[in-house]
Each structure stands twice: as structure tokens, then as C-alpha cells.
Amino acid sequence: MSLVHEIDYGTPASASETMVTLTIDGNQVTVPEGTSIMRASMDSGIEIPKLCATDMIDAFGSCRLCLVEIEGRAGLPASCTTPVAAGMVVSTQTNRLKDVRRGVMELYISDHPLDCLTCAANGDCELQDMAGAVGLRDVRYGYDGENHVKARDNGGLNAKWAPKDESNPYFTFDPAKCIVCSRCVRACEEVQGTFALTIEGRGFDSRVSAGMHEDFVSSECVSCGACVQACPTATLTEKSVIEIGQPEHSVVTTCAYCGVGCSFKAEMRGEELVRMVPWKDGQANRGHSCVKGRFAYGYSSHKDRILNPMVREKITDPWREVTWDEAFAHVASEFRRIQYQYGRDSIGGITSSRCTNEETYLVQKLVRAGFRNNNVDTCARVCHSPTGYGLGQAFGTSAGTQNFDSVEKSDVVVIIGANPTDGHPVFGSRLKKRLRQGAKLIVIDPRRTDIVRSPHVEAAYHLPLKPGTNVAVMTSLAHVIVTEGLFDERFIRERCDWSEFEDWAAFVAEPHHSPEATEALTGVPAEMLRGAARLYATGGNGAIYYGLGVTEHSQGSTTVMAIANLAMVTGNIGRPGVGVNPLRGQNNVQGSCDMGSFPHELPGYRHVSDEATRDIFEKLWGVKISDEPGLRIPNMLDAAVDGSFKGLYVQGEDILQSDPDTKHVAAGLAAMECVVVHDLFLNETANYAHVFLPGSSFLEKDGTFTNAERRINRVRKVMSPKNGYADWEVTQKLAQAIGLTWNYKHPSEIMDEIAATTPSFAMVSYDYLEKMGSVQWPCNEAHPEGSPIMHVDGFVRGKGKFIRTEYIATDERTGPRFPLLLTTGRILSQYNVGAQTRRTENVVWHSEDRLEVHPHDAEQRGIRDGDWVKLMSRSGDTTLRALITDRVSPGVVYTTFHHPDTQANVITTDFSDWATNCPEYKVTAVQVSPSNGPTDWQVEYDEQARQSRRISGKLEAAE
644 MSLVHEIDYG TPASASETMV TLTIDGNQVT VPEGTSIMRA SMDSGIEIPK
694 LCATDMIDAF GSCRLCLVEI EGRAGLPASC TTPVAAGMVV STQTNRLKDV
744 RRGVMELYIS DHPLDCLTCA ANGDCELQDM AGAVGLRDVR YGYDGENHVK
794 ARDNGGLNAK WAPKDESNPY FTFDPAKCIV CSRCVRACEE VQGTFALTIE
844 GRGFDSRVSA GMHEDFVSSE CVSCGACVQA CPTATLTEKS VIEIGQPEHS
894 VVTTCAYCGV GCSFKAEMRG EELVRMVPWK DGQANRGHSC VKGRFAYGYS
944 SHKDRILNPM VREKITDPWR EVTWDEAFAH VASEFRRIQY QYGRDSIGGI
994 TSSRCTNEET YLVQKLVRAG FRNNNVDTCA RVCHSPTGYG LGQAFGTSAG
1044 TQNFDSVEKS DVVVIIGANP TDGHPVFGSR LKKRLRQGAK LIVIDPRRTD
1094 IVRSPHVEAA YHLPLKPGTN VAVMTSLAHV IVTEGLFDER FIRERCDWSE
1144 FEDWAAFVAE PHHSPEATEA LTGVPAEMLR GAARLYATGG NGAIYYGLGV
1194 TEHSQGSTTV MAIANLAMVT GNIGRPGVGV NPLRGQNNVQ GSCDMGSFPH
1244 ELPGYRHVSD EATRDIFEKL WGVKISDEPG LRIPNMLDAA VDGSFKGLYV
1294 QGEDILQSDP DTKHVAAGLA AMECVVVHDL FLNETANYAH VFLPGSSFLE
1344 KDGTFTNAER RINRVRKVMS PKNGYADWEV TQKLAQAIGL TWNYKHPSEI
1394 MDEIAATTPS FAMVSYDYLE KMGSVQWPCN EAHPEGSPIM HVDGFVRGKG
1444 KFIRTEYIAT DERTGPRFPL LLTTGRILSQ YNVGAQTRRT ENVVWHSEDR
1494 LEVHPHDAEQ RGIRDGDWVK LMSRSGDTTL RALITDRVSP GVVYTTFHHP
1544 DTQANVITTD FSDWATNCPE YKVTAVQVSP SNGPTDWQVE YDEQARQSRR
1594 ISGKLEAAE
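So the mapping is simple: the working numbering equals the position in the sequence shown, first residue as 1, plus 643.
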């Protein structure tokens, strides 16, 4: 194995379809118009020396190392900033150029430390490489004059020297090694869009500065790593490289955090991970990353990780370690006993949206073929199940319509109930880049998220609706489009059912759906709503991106259908730049749904009642499959409390922390007789487990993830599983203990079975993914290269279906006891329930959940910033510290749910979406009051968790 090397072409590719032919060093080269001479040269295999240029950012032309000679032109133009022209004759290597480049390089080296042998970048330093490339053999200028290298100069302090900044937990900044090429500054601006870095001073006094001369960790830097990746010297260096050394081989794999599905090169020394570097050929991230994927992988080797199976008779007992065979035999025996005693339907399983497609497929297969019921569900139940239902009804398929590249063609972007800069930051950066280029933005969110107003980006409209009124707002937008004649009649007549449109149009045109009528319900001024509707309908390519702020409501499915209505009525479906795009929360939540993780659907979204579909799997698996849908997660918990559901296998999910109404979840788990948790850590659900099966991280397995754009990406094993087995192997061995005769040798065989049984995956195989890089389903004979854009020539269901979306207020109401509305969300540095990110240095930025309170509401209650407050609802109470901010509207409070000591879901209720049982996390009536300590419930919970994590023979249990 060796390092996966990527070519740096120096400048971005041109998108022009017009071709230009020129001559470079005697070779004819044909490239797209607008291509730089530097890139054209690289295309022909000629590398021009460079320092300030890299192909992730626009040309800058400051280093003066890439100079060339052009026949008929005076001077020496920079090849990075000079575009090609037809008939141009270019020389990249002449005596004159050699002399100039050596002189330029000599000046750089004269103000640079010569500690190459002990430098962390030794072997990976572009300055070092370029010195060799230009033939630098001597530096005539010493450090006697002004310099940035020495702390002391002629016995006195050197004002131009600055100490190394080591404040960031993941990388260092050493100004003494900076050549002021501005690559880091431009990467922060152009790639990430944060504008956290700048060049301060002028001339020889110029230097890179984070913010207003702050250290990195205190600045606006979001630690995405773009600056580190862009730096050509050791100025910005990963601390892991400083500690371990340069990597010697790398493997391309897929990030295991959010639904963007970024591709990374895992760079290794032996079996030790040195760093994760975003892969430029990754079609989801295009070489960019966020703080989680780039740096927060330390959880995989954290001391809290459990590596041996454990069992206990009662949840009050300490854990005792056993062998794998003992654990499998114990689970098989207990599940057999429970089914014999309570019936076949008394056990079930929960698949993981963090595990691979292959592992998820096996868990649902275990339930259906081994447990012989359909009691299988997944975390999508509590996030995007309304997406599956709503888009399935309207379009005929349960997934987003576009790829992420599509946003580059959008003219108007609507974001509703999503916070892409925090929840999906790499896509958020791509979106911000498009907005800086002139696209318009409409944000529909109770909270002023960062995307509403950030450097060089400001939303044309921010509609701060009252939580729970999504349907009213979306229907009112449709009212404006229909009554003002802004709909696309041609598209509707060709692609949709016209009679259904007429019925729907009459419905939305009713006066009580007008912005003026809904303003009292939604809190959105009528003129703002009308302006937003007109902009979306008439502004060109309109794309809608939505998140859990849409789906996690009692009318989540209705809102998804309302979004589909808006896209169809304006003709914004079936081409680049438009579409309906759910931003999936976890890395494989799309895949877990695709793989048949719902109790009513087999893989490929085919209902269990369909005899032909059951026949496919029955013949392959050699069992009869029940035609009755099984229990959803809430039904499992209800049945457990009632005494009819007694056993559960949970792979890679923490339902006690992530699901609503924590007390009810705890009661359901406590009522079960055999709870099996299969995870990396003793999570909150494991407090109520009887068997713990240690899991493997994404670095320790082969498989595939399917991201939010339906992209199937390879996950590649980069090190041996620390627990001994990949997760698919654990599930297979459990199945064998139960009596099934599975014998998969590699996850590729599982994917072959998926492809053989699931039409949308028919052409997917590991060999095909190696060839294509990645594909977006459906990938079959009709779409052999996958489907970047869905519904191009027609909807999957035939005609697009317009559906009436009547607003029905949630049963969760404010009142004198609970006058405020709580909504929840995520923050950039943390992920989901925090089990992974809390075990990394990301806690530097978010060490606790905070409650955002508007200054008006805080003043009424005598609450100051940082005060401990009690948050109480009809379901329960908890305490956390207040954050006073005008991001939220008066009457609305907001918090995250990343930390178990807060347990925000003890507050949320059991209200759920009418169609899918997706919990209503986003609307909870609460009261906030000053507090001087944790609630009784928190004290009891903490003690129970501490007792539950005891391990026999160990002084201190893992957290």
C-alpha cells in the first residue's frame, strides 16, 4: 500500500464547452476556454513551480514563482492568472525563467527557518519541493536584517516574530514559517465561507491573522481544516502529524458523521491513523470537510470504548465480561425463551443509521428470518420517516431529488427547518458559495440561524414562524402562487394530474389560506410571506432544502407533501438547480431506510403485504415472511410496558437519549427481560441492557453508506477491529447462534444479495463502485450510471400528485403554566447524542447543552446569561445554563440534545406525526425559571447510570 496521491492542477477547472488549442513547450494542448496556462500545462504533464496556487481556490498570482514566457508578449506573466488563448505559444522553462525563479525562492528562504530535518512537514512541504524544483543551491541573504524567524534579534526582542499558536486542539499555527501566500485566507473565504482569517499589515509587515489578532480557538474559525489543507509549509500543521510523523499509506473511505457523506483519505502509519484528509474526487464534498469529519475521529480509540462482550442477569447487577461465544449463546437462549413464553412477536430489533447498508440489511434479515416477525425499526422513525411517506405519496419515491452539485445551478434556495452550516456544514459551505455568487435565499425557521446573515450572505427573506405552523406557512405560500397566477401550467399539464391540481388549487386559494389570514397563526408578516412566494416562483431555478424542523412535527408528513406541492406547482423538479432535498441527519439514515428497516417495508420500500416481493425474499432466505407490519419503536415500548414485548436487539442507536419522553422510554426498556445493546460505548440505553456486544467503528469495516443525495459510497477498512469483529460479523454470528445458516465471507457478498433482491440497487456491486467511484440509486439497467437527478422525464409514480394540506394545530399548546415553546436542534461541533463527539476535543467548543432564551423572556424571569435555569414541561424537567440571545423570537426557547446529563428529551412529549409516528420534538410547551441545581430526576438518573456502568473486576466503569 502507498499514499493515494492527488494531482494539484494549480487553478480550478473551467466549465466552458468551447475548446482552445495552444502550444506549451512544443506540445499542442487543447483545453476548455478560460483554463489557466498553469492548469493547461499540468494537463499535458508539465508542472510549473508554484506556491500561492492550488486548484481548490481561485488564482491569486502573488508568489511570482509560476512565471512563463509567451511568444509575442513582453514580460513574464503568472501562469496561474493568465488564461489560455488560441494559438498561444508558451515556454515554461528558459534560462531567464530559471534565474528569476531562483531569485524569488532565495528571498522566500531568506525569511524562513532552516529546520527542515526536524520540521513536521519534512517530506510533505511544497516550499521544500519548490526549492528543489527551481534548483536553489545557495541563499545569499542571511537573517541579519529584518526577519520573522528569530524571537530575538541582535540581543533584543524581535517585534516581527510571533509565537506559535497552539490554542486549537487539532492544529498549530507557526507564524515564523508563514510565507504569506494567502492560501489559508482564500480557502477560508472561498471554500469554507467563514472569512475567519485575514492578512494584517502591509509589505514586509504582512502576516496571517485569525480574526482581530486573536488566537485560533477564540476566533470565528470553525476548524474545518481548509486552511491546514491549503498551507504549503508547516505553518498550519495537524498536531497528530507533529506527534506521529508523516503517513506512509492511505485508504479512501467515507465519513461516519452527517448525511453529506464526505469522502476522505485515511492516512496511516501501520494501523495508526495519522489524519483524515478530504478527497478531492469525493463527489459529495469535492475536497472539503468539517471539524467532525476532518478531526473528530479520536472516539474510535477512546478509553471509554468497550472491547469485550458483557452480560448480567439484572440491570442492577454489575457487568461481567464473557467470551463472544458465551454472549451469543446467552442471547440466543434468552430470545428463544422469551418467544416460547410470550409468543413470536415478543422480540424485535432496531437497526442503526450509523452502520453500513450491509449491516443494516443483516439486522432486518435477522428479525424477519430469525425472529420470524416484522418488529424492526430504525432511527429514521424519529427523524425522516415523514420524508419517506410524504415524497412517496407525491412523487412515488422516498428520497431527495438532486445531487449536491445541483445547488451550483440554483437561483433561489429555500431552507425550511434546517441549519446546514451546523448540521450539514460541507453542503452549507457549498450553498454559501452559490449565495455569494448571487443566488437568493429564503429561510423559514423560528430561529435566526447562521445562514440568515453571515459574511457576504444575507437572506432575502427570513420567515420566523411560530413552531408548529409549517403547514400553514407552506399552504399560504402556495396560495400566493396560485392566486397571482405564478404557477407553471405547462409543467403541471405535462407532468401532473391536472384534475388533482385543480382541486388542490381551489383548496389553497380559499381566503383563510391567504398570508393575511395566516399571519395571526404563524407570526409571519403577510408582506414578507408574499414576497418570499413571488421570489421562489419567479426567481429562476428554485430549490428547497429541509430538515428535521419539517419532519419532527405532528404534521411532518403533511409539510413534506406541501413542499412537494410547491415544487410541482412552480415546475421546479427534474433538472439541475431545483428539487426537493431532505438533509438527512446521520451518515446512513437514507441507507437504513433503503435496506428495509421499517416494520411495514422490505428493502427497496416494498410493503410486506405484497406477495410478489415476499416471494423474492422467501425463496432466497428459505423462510416464510409475515405479511403483517410489525411494531414501530413507540409501539415496542408501549407493548413492553403492557407486558407483551420482552426482548430487543439494538444495533448502534441510543434510544434512551435520542427518543422523546425519556421517562416512557426508560419504563419500556426496564420492563423488558433481555435488552441487547450493540455499540462502541456503554451508552444511555445500555443502562437498561442485559447484554452488551462491542461494536466496530467505521475505520474497522468494509461496506457502503448511502448519503442524503442517494449516493452509495464505499466504506473501506483501514485497521483491524479493536473488538475482534466488524458489526456485520457480530450480527451473522448472532444469527448462527439462533439457528440460521448464514455464511457471508465479505460484505461484498451481502451487497450482491441486496442488488439481486432490490431493483433500485440492481447494478450496484463493490467492483462497480470501484469503477464508478460512487453511484446514486436507482442504479439499474434503465440508469446504469445512477441517477443524479430524479424525475427528469416523469415521476416514478407516473403523474405527480397534488395533495390538500390542511393546517391542524398540534395538541401541544401553551398556557399559563407553560407559556413558552421549546424547539431543539444541533450545533456544529457535536453530533446527534454526542456519544462520538463528546469523546473528542470537540468539547472545547460545546461542553454542555445551553438553553437559548430571548432577552425579553429572560428579563421577565430574572434570568441572566450563564444562569442555571429549570426547564419544565408536562412530561418532565431538567436544568441547564441559559444563553441570552435574540436568535430566538420572544416566546420561543431552543436547546441542543448532545449531552446526557441534560437529557433534553425528558422534556419532549409523546405527540407524533399522524402518518409515521415521528415524534414532535420541535414543539413542546415549557416554562423556564431560575434554578440553583439539578432536578431530582437528574440526580436519580445520574446515580442509576453510574450504578449501571459498573464492570466486575474494574475499579471505574467506562462512562
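We put the CB at the ideal spot given by N, CA and C, even for glycine. These figures come from a predicted structure and were not determined experimentally.
{"Query": "Tell me whether the region 1390-1398 and the region 916-932 touch, counting them as touching only if at least three CB pairs, one residue from each stretch, are closer than 8 angstroms.", "Result": "no"}
{"Query": "Measure the CB-CB distance between isoleucine 752 and valine 782 and report whether it falls below 7 angstroms.", "Result": "yes"}
{"Query": "Would the beta-carbon of cysteine 870 fall within 7 angstroms of that of alanine 853?", "Result": "no"}
{"Query": "Mind reading off the beta-carbon distance from threonine 1021 to serine 1339? Whole number of angstroms is fine, and I expect it under 8 angstroms.", "Result": "With 8 angstroms as the limit, threonine 1021 and serine 1339 do not qualify as a contact, their Cβ atoms being about 19 angstroms apart."}
{"Query": "When DSSP labels each residue in this structure, what does tryptophan 1264 get in the three-state scheme?", "Result": "helix"}
{"Query": "For isoleucine 1135, count the other beta carbons within 10 Å of its own beta carbon; 16 or more makes it buried, fewer makes it exposed. Which is it?", "Result": "buried"}
{"Query": "Nearest CA to the CA of asparagine 1330: which residue from Asp960, Gly788 and Pro818?", "Result": "Asp960"}
{"Query": "Determine the burial state of valine 1536: buried for a count of at least 16 other Cβ atoms within 10 Å of its Cβ, exposed for fewer.", "Result": "buried"}
{"Query": "Which same chain residues, not among the five before or five after alanine 1023, have their C-beta less than 8 angstroms away from its C-beta?", "Result": "Ser996, Gly1031, Val1232, Ser1235, Cys1236, Ser1240 and Phe1241"}
{"Query": "Here's a check: name, in chain order, each residue in its chain whose Cβ is nearer than 8 angstroms to the Cβ of leucine 719, leaving out the five neighbours to either side.", "Result": "Leu710, Val711, Glu712, Arg739, Leu740 and Val743"}
{"Query": "To the nearest angstrom, how far is it from the Cα of glutamine 1587 to the Cα of valine 1069?", "Result": "39 angstroms"}
{"Query": "Please list, in chain order, all residues of the same chain as leucine 1465 whose beta carbon is under 6 angstroms from its beta carbon, the five residues on each side excluded.", "Result": "Val1536, Thr1567 and Val1569"}
{"Query": "If you run the structure through DSSP and keep just helix, strand and coil, what is alanine 1612?", "Result": "Nothing can be reported for residue 1612: it is not among the residues displayed for the chain, which extend from 644 to 1602."}
{"Query": "Which word fits glutamine 1503, buried or exposed, when buried means at least 16 other C-beta atoms lie within 10 angstroms of its C-beta?", "Result": "exposed"}
{"Query": "Please report how far the alpha carbon of alanine 1176 lies from the alpha carbon of glutamate 1159, in whole angstroms.", "Result": "14 angstroms"}
{"Query": "Can you give me the Cβ contacts of alanine 794 inside the same chain, cut-off strictly under 7 angstroms, excluding the 5 residues immediately before and after it?", "Result": "Asn801 and Trp804"}
{"Query": "Could you give the C-beta distance for lysine 908 and valine 920, rounded to a whole number, given that I count them as a contact under 8 angstroms?", "Result": "5 angstroms"}
{"Query": "CA-CA distance, valine 747 and glycine 1217?", "Result": "52 angstroms"}
{"Query": "In chain order, what residues of the same chain lie with their CB nearer than 7 angstroms to the CB of isoleucine 981, ignoring the 5 residues before and after it?", "Result": "Ser989, Ile990, Lys1289, Gly1290, Glu1316 and Cys1317"}
{"Query": "Taking all protein chains shown into account, decide if threonine 1305 is buried (16 or more other Cβ within 10 angstroms of its Cβ) or exposed.", "Result": "buried"}
{"Query": "Starting from tyrosine 985, follow the alpha helix (DSSP H) in both directions and report where the run begins and ends.", "Result": "967-985"}
{"Query": "Looking at the unbroken beta strand (DSSP E) that takes in glutamate 1343, where does it start and where does it end?", "Result": "That residue, glutamate 1343, is in no beta strand (DSSP E); it is neither H nor E in DSSP."}
{"Query": "Are the C-beta of glycine 1247 and some C-beta of chain E separated by less than 7 angstroms?", "Result": "Here chain E cannot be found, since the structure has a single protein chain."}
{"Query": "What number of angstroms, rounded off, separates the C-alpha of aspartate 668 from the C-alpha of glutamine 736?", "Result": "8 angstroms"}
{"Query": "Where do the N-terminal and C-terminal ends of the beta strand (DSSP E) with phenylalanine 703 fall, by residue?", "Result": "Element bounds for phenylalanine 703: n/a, residue is neither H nor E."}
{"Query": "By DSSP, does glutamate 1392 sit in helix, in strand, or in coil?", "Result": "helix"}
{"Query": "For phenylalanine 971 and arginine 979, I'd like the C-alpha separation in whole angstroms.", "Result": "12 angstroms"}
{"Query": "Going by C-alpha distance, which of Leu1463, Leu1084, Tyr1387 and Asn1000 is nearest proline 1246?", "Result": "Asn1000"}
{"Query": "Can you tell me which residues form a DSSP beta bridge with threonine 815?", "Result": "Thr880"}
{"Query": "Do you know offhand how far glycine 1576's Cα is from arginine 1524's?", "Result": "10 angstroms"}
{"Query": "From what residue to what residue does the beta strand (DSSP E) around phenylalanine 1335 run?", "Result": "1334-1337"}
{"Query": "According to DSSP, glutamine 1419 sits in a beta bridge with which residue or residues?", "Result": "Arg1354"}
{"Query": "Are the beta-carbon atoms belonging to leucine 1084 and valine 1056 less than 7 angstroms from one another?", "Result": "yes"}
{"Query": "Return the CA-CA distance between threonine 966 and glutamate 915, expressed in angstroms with no decimal places.", "Result": "26 angstroms"}
{"Query": "If you follow the alpha helix (DSSP H) that tyrosine 1179 is in, where does it begin and where does it stop?", "Result": "1169-1181"}
{"Query": "Is isoleucine 842 helix, strand or coil when you go by DSSP?", "Result": "strand"}
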